[in-house]
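Here the structure comes first, spelled out in structure tokens, and everything after it is commentary.
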Amino acid sequence: VDYPINLDKDGNFFAMLTLPTNMRFTNFLTKWGNYGSGDGGFVTPSGVAIDGSGNIYVSEKDGHRVQKFDVSGRFLTKWGSLGNGNGEFDSPVGTAVDKSGNVYVADSGNHRVQKFDSSGKFLGKWGKNGIADGEFITPNGIAVGGSGYIYVSQRHGGRIQKFSSSGKFLAKWGIYGTG
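Residue numbers (my numbering): 2 to 180.
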């Protein structure tokens with residue numbers, strides 16, 4: 002499936018669909034949002050994550066922001082804009098939330114990961130453009146494991162890297178290259 006998806010703690014499936022699709026769902030619960038850059042609107046939603054309270058975080062690749070919604074889809078807050086400074090994004094495509102409620106965003110165009118609290122306060126960042134350990138070429142997926150480690154995949158790089166929650170490089174799988 003080439004759509005951002007996630008499950009909440011109750012097993013409800015969340016999918017961000019922006020184009021007509023042949024996907025069919027049973028037990029459809031709700032939908033919200035429309036195309037647009039206003040609060041609650043979406044411009045290319047590209048990542049979805051759910052925290053322990055059921056709040057939903059959506060990153061928008063072309064909107065260069067993250068929006069937060071409650072479990073009913075009510076808009077709560079947003080953060081980010083186009084740029085390369087702290088809290089700014091260039092095509093954020095992946096979003097994950099840890100057990101403490103911290104939000105991690107794969108900031109693809111800036112070749113880095115940014116960390117925020119649940120209200121959008123910038124807490125830190127790591128990575129830069131490159132192929133060395135801890136560097137990225139367009140990171141496109143991010144997840145938090147049960148032990149709190151952060152896993153980041155790369156669209157152009159063919160590998161997954163493992164980090165501590167503070168961004169310390171720990172391990173990698175796969176090799177950058179063509180074969």
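No residue lacks a Cβ here, since even glycine has one placed at the ideal position from N, Cα and C.
One alpha carbon belongs to S38, the other to V44, and they sit about 6 Å apart. H112 counts as buried, since no fewer than 16 other beta carbons sit within 10 angstroms of its beta carbon.
Rounded to whole angstroms, the Cβ separation of V67 and W80 is 6 Å, and the two are in contact under 8 Å. The residues Y150, Y152, L171 and A172, in chain order, have a CB closer than 6 Å to that of K163 in the same chain once the five nearest residues on each side in sequence are set aside. A straight line joining the alpha-carbon of W33 with that of E89 spans about 25 Å. Bridge pairing for A133: absent [DSSP]. Taking a C-beta distance under 8 Å as the contact criterion, G159 and G142 do not qualify as a contact pair. Rounded to the nearest whole angstrom, the C-alpha separation of H157 and S119 is 29 Å. Rounded to whole angstroms, G53 and K129 show a C-alpha spacing of 30 Å. Here N85 carries a coil assignment [DSSP, helix/strand/coil].
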